[in-house]
Structures are given as structure tokens and as C-alpha cells.
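Step one of this worksheet: look at the structure below.
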Amino acid sequence: MLQLESARLVGKGLHRECYEYPGDPTRCIKVVVAGNSDENRREAKYYALLAARGISWEMLSRFYGLEDTSMGLGAVFELIRDHDGGVSHTLEQYLARPSANEGLQQTLSLALPALRAYLLRDRVVTMTLKSKNILLQMTTGNSGRLVIVDNVGNSDFIPLSNYIGLLARAKIRRKWRRFEADLLIQNPDNVVLRRILRE
Ligand SMILES: Nc1ncnc2c1ncn2[C@@H]1O[C@H](COP(=O)(O)OP(=O)(O)O)[C@@H](O)[C@H]1O
Ligand SMILES: [Mg+2]
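Numbering (the numbering used here), first residue to last: 479 to 677.
Following this line, the structure appears as C-alpha cells:
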């Protein structure tokens, strides 16, 4: 069983804690700290579906399976890092920076449409898209891509859109509209964001 007591905490959400995988800096492991492990299991199923379809993992953290740990069942993922080796920051963190500047505007004006196109192309369905669940992975000093690390899959009772491409794409377009609207509501004074989304 994997011991996590001395593992490095990378991030924390409402339900899970994310640790660097002991002995492997390219992976992280997420354990549930509030609630039960159903979420890890539901997520694992959806990832299996995506893997079976052979999708690209360019903008979605790759999943490596479930593993028993000293803190309960853990889900192992690729740990998203910037070109300099630091763990990537969330889009929420970038948008909250007072120094949000030209550089960020340029990066996001490419990365946001690229993420939307990726989700539609590879039919990756998400629950609510949130800026705290999307990392901006800087691939060079001034360019980067957005990578979704949480809330992937479908919570519909009968998840037809997992199997029907047309339904999936309609759902993705809806989620994306909601995401852009939420971003503007959550960052009312962010000029960079306004310019990118051309409000
Ligand atoms: N694959 C990853 N690479 C780097 N950081 C991550 C990764 N997954 C999650 N994180 C960080 O950990 C935080 C919590 O993980 P998350 O999966 O969102 O947990 P929760 O299900 O509780 O919301 C994220 O907001 C992010 O900052
Ligand atoms: Mg989260």
C-alpha cells in the first residue's frame, strides 16, 4: 500500500487532495478527503472510455488507474508541470493576478479556442467547466496550453452523450458557453479576459 504521509501536497480541491506520487515526479495521486470514493470510480470509468477511443491527452491529464494508499483509494494522474519543472498553476490563479498582462492575453487568446476545439474534436465531455480545474501549462516562457485536471465525464443518469457524437458535441458547446459566461462573472474587472472573449 502506498504511504502518503510524507508525500508533497500539490493542490487541494473541495473533495480531494492531490499529492506528488512518491518516487515519480511525473505523476500525482488524488485521495478523497471529504465524501466517499465514488467520484474516483466514476471518473476512472469515463477515462477508460476515452482511452478505449484512443483520444489525445494533449489537454487532459492522463489517467493511470486507481491504487490503494494509506489515505484510502487514490487516483493516479499525470502531474502537469511547466517547462521549468514547476507544477502548473490553475487558470483561476492566473486570472486573479493583478499583473495579468499582454503576455497572458496572447497566451490565452490562443489557448482558450484551442481547448474548445480539442474537447469538440475528441468528444471529451465535462461536467461544469471551472477555472480552478484547468491548469495553464506554460510550455515555453510565453506560450502554453490549458489542461483539464478535474470534473471530466458525465453525471447524467443515462449518459447517452458518452456514446452519441452529436449529443456529446451539443453538450460540449453548452458547457463552453456557460464556462465563458462564468469566467466573466467571476472576474468582472479582468480587462484581459474581456478582450479575449470580445464582450
Ligand atoms: N494533474 C494535475 N497536475 C497538477 N496539479 C493538479 C493536477 N490535478 C489536480 N491538481 C491540483 O490539485 C487541485 C485539486 O485537485 P482536483 O482534482 O481538482 O480535486 P477536487 O476533486 O477536490 O476538486 C487542483 O485544483 C489543482 O490545483
Ligand atoms: Mg477540482
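Backbone N, C-alpha and C define an ideal beta-carbon position, used for all residues, glycine too.
Since this is a predicted model, take the numbers as computed values, not measurements.
Assigned exposure category for residue i - 16 Cβ within 10 Å defines buried
i    : result
K608 : buried
T604 : buried
Q481 : exposed
D562 : exposed
D628 : buried
A553 : buried
A646 : buried
V670 : buried
Proximity below 9 Å, CB of residue i to CB of residue j
i    : j    : result
R494 : V511 : yes
L582 : R575 : yes
S539 : V625 : yes
L675 : L590 : yes
Y524 : N640 : yes
T606 : F657 : yes
R531 : D600 : yes
L593 : R623 : yes
Which of helix, strand or coil DSSP assigns to residue i
i    : result
P591 : helix
Y641 : coil
L544 : strand
T604 : strand
D560 : coil
F555 : strand
L597 : helix
8 Å contact criterion, which residue i and residue j should meet: CB distance rounded
i    : j    : result
R559 : S566 : 6 Å
E483 : I507 : 13 Å between Cβ atoms; not a contact.
So which residues put a beta carbon under 5 Å from any heavy atom of ligand 2, going in chain order? G491, N611 and D628
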